[in-house]
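The opening position of the sequence shown corresponds to residue 97 in the numbering used here, with each subsequent residue numbered one higher.
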Amino acid sequence: MKKIAFVANDLSNLIHHRNHLLQTVVDARGYVVVLAGGEKNNRDTFFEFQHVRIERFSFHWSDITLFLRVLRFVLVRRPDVIHLINLKPYFYGGAAARIAKLLGWDGKVVVTVPGLGRLFAAVGHGGIKPKLTRAIVQYFLRKSMKGAVVTFETASDRDFWVAHRFVLPAAAVVTSGAGIDFSLFQISNIEKSKETLSVLYAGRLLKSKGLDVVLAAAEKNDNENIRISVAGYKESDPDAVSFEELSHNSKINFLGGVENMGRLFARVDVVVLPSRYNEGIPRVLIEAAACGCVPIATKFPGSEAIIKEGETGFFLHGNDKLAQADELNQLLQKLQREPEKVKKVGMEASKFVRSNGFSSDDIAYIFRKIYNV
């Protein structure tokens, strides 16, 4: 029985985004072990779970415990494959796997880079601390990624890693996102209002994800036929907008965390993501597009994988929050007057994501070959 270990920032996030990868191993009669941060195991799972402490928002001396836990796990349990997802798991876990190789472990290392994230969002910019952090991370990535198979969600991220000599071109694989179960995201048969434009921001409640742009656009909106909603769970990230602030904002409808996103998207016309950093192919845009929503996003490689301007969605081109808020407000005003265009673009977006390798089955097939199960 092939044993495959996954190391990730957060258990809930892993299950939400990549449960099909865990399931595909079990379906092939493999054994799955998950080492992850976030919640401690309080749910029934079909895999073995070990909780590890991961400080997600800064590098800290306590991170050494992650390195030691992964090293000990690999040397004692000797998995056939270890799959490292997110920056800290592949930074510390990659180093642990390299040392384990020197000590006789002969398993395979797989790394998934969901996006370049905030650390690499502005290479060459920032103060001394972020530049120093980037330099240290880059140095150790070049050492620890040797021999690993590294997967990316966009060719742009792959090219960045290859250019910085973190990975060899032959060891880099590009997938179309993390994989979506399209059976959960269907176009509604219910006829939507032709007068009201329903707009949604759904995701992490972070300014860097563009929530501040959405809120600024909402402040500018005086059209009662444009209704802007925000959905997301409470965040401990220092960049987060608080529940209290959102709950008291009269210009938006704050929904809080929503479990059934397919049902919510089915009632929405437009989904907005004015993110300021490269995050791979945003899951929310794929899911929304599948439900026939019009995606609007800032232009970065992940959004370009889904949006063809005016055909399957729209880009925001402004260079700062206020410029993007103005542009978004003007675009929403225009779309509210053109319900047939909204419907057409939404249908084209749905067709596109359903026929271009974004499904969970498509992604699971790629990883089955990588895991060799």
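Where a beta carbon is used, it is the ideal one built from N, C-alpha and C, also for glycine.
Note that the coordinates shown come from a computational prediction; the quantities given were computed from them, not determined experimentally.
Asked                                                                                                                                                          : Found
Where are the beta strand (DSSP E) runs, 3 residues long or more, that stay fully inside the segment 388-423, in chain order?                                  : 390-394 and 410-412
If you draw a straight line from the alpha carbon of Val-441 to that of Lys-242, how long is it in whole angstroms?                                            : 44 Å
Where does Val-148 sit, in a helix, a strand or coil, going by DSSP?                                                                                           : coil
Taking its Cβ as the centre, do 16 or more other Cβ atoms sit within 10 Å of Glu-249, making it buried, or is it exposed?                                      : buried
Could you tell me which residues DSSP puts in a beta bridge with Gly-190?                                                                                      : For Gly-190, which the question treats as bridged, DSSP gives no partner whatsoever.
When we look at the beta-carbon of Ala-329 and count the other beta-carbons within 10 Å, is it buried (16 or more) or exposed?                                 : Per the sequence shown, residue 329 should be read as Tyr rather than Ala. So Tyr-329 ends up on the exposed side.
What residue range does the beta strand (DSSP E) around Tyr-127 cover?                                                                                         : 127-132
Quick one: what's Lys-290 bridged to in DSSP?                                                                                                                  : Answer is none; Lys-290 lacks a bridge partner.
Quick one, are the C-beta atoms of Ser-456 and His-116 less than 7 Å apart?                                                                                    : yes
Got a sec, what are the start and stop residues for the beta strand (DSSP E) Ala-101 sits in?                                                                  : 99-104
Determine contact between the segment 276-291 and the segment 359-373, defined as no fewer than three beta-carbon pairs at a distance below 8 Å.               : yes
Looking only at C-alpha atoms, which of Leu-198, Phe-278 and Tyr-186 sits nearest to Val-206?                                                                  : Tyr-186
Using the three-state DSSP reduction, which class does Ala-327 fall into: helix, strand or coil?                                                               : strand
Do you know offhand how far Ile-348's Cα is from Lys-316's?                                                                                                    : 11 Å
Does Arg-125 pass the burial test, meaning 16 or more other C-beta atoms within 10 Å, or should it be called exposed?                                          : exposed
Taking Cβ to Cβ, would you say Leu-171 is nearer than 7 Å to Ala-196?                                                                                          : yes
Nearest to Leu-381 by CA position, among Asn-356, Gly-409 and Glu-355, is which residue?                                                                       : Gly-409
Please look up how many angstroms separate the CB atoms of Arg-379 and Gly-211, rounded, as I've assumed it's under 8 Å.                                       : With 8 Å as the limit, Arg-379 and Gly-211 do not qualify as a contact, their Cβ atoms being about 11 Å apart.
If you follow the beta strand (DSSP E) that Val-368 is part of, which residue opens it and which one closes it?                                                : 366-369
Just tell me which of Ala-104, Lys-98 and Phe-448 has its CA closest to the CA of Phe-278.                                                                     : Phe-448
Assuming contact is defined by CB atoms lying nearer than 7 Å, are Gly-398 and Glu-375 in contact in what I supplied?                                          : yes
Is the distance from the Cβ of Gln-432 to the Cβ of Ile-322 below 7 Å?                                                                                         : yes
Which runs of the alpha helix (DSSP H) fall wholly inside the segment 423-460 and span at least 4 residues, in chain order?                                    : 435-450
CA-CA distance, Gly-203 and Ile-181?                                                                                                                           : 17 Å
At what residues does the beta strand (DSSP E) containing Thr-229 begin and finish?                                                                            : Where Thr-229 is concerned, there is no enclosing beta strand (DSSP E), although the alpha helix (DSSP H) it sits in stretches over 224-240.
On the premise that Leu-228 lies in contact with Tyr-188, defined as a C-beta separation below 8 Å, what is that separation, rounded to the nearest angstrom?  : Not quite, the Cβ-Cβ distance comes to about 18 Å (not below 8 Å), so this is no contact.
Using CA coordinates, which residue listed in Asp-335, Asp-253 and Ser-346 is at the minimum distance from Phe-481?                                            : Because the chain here runs from 97 to 469, residue 481 falls outside it and cannot be looked at.
Which same chain residues end up closer than 6 Å to Lys-184 when comparing Cβ atoms and leaving out the 5 residues on each side of it in sequence?             : Ile-150
Using three-state DSSP, classify Val-310 as helix, strand or coil.                                                                                             : helix
Quick one: what's Thr-208 bridged to in DSSP?                                                                                                                  : Ile-181 and Thr-247
Take Phe-142 and list the residues in its own chain whose beta-carbon comes closer than 8 Å to its own, dropping the five residues that flank it on each side. : Leu-118, Gln-119, Val-122 and Val-128
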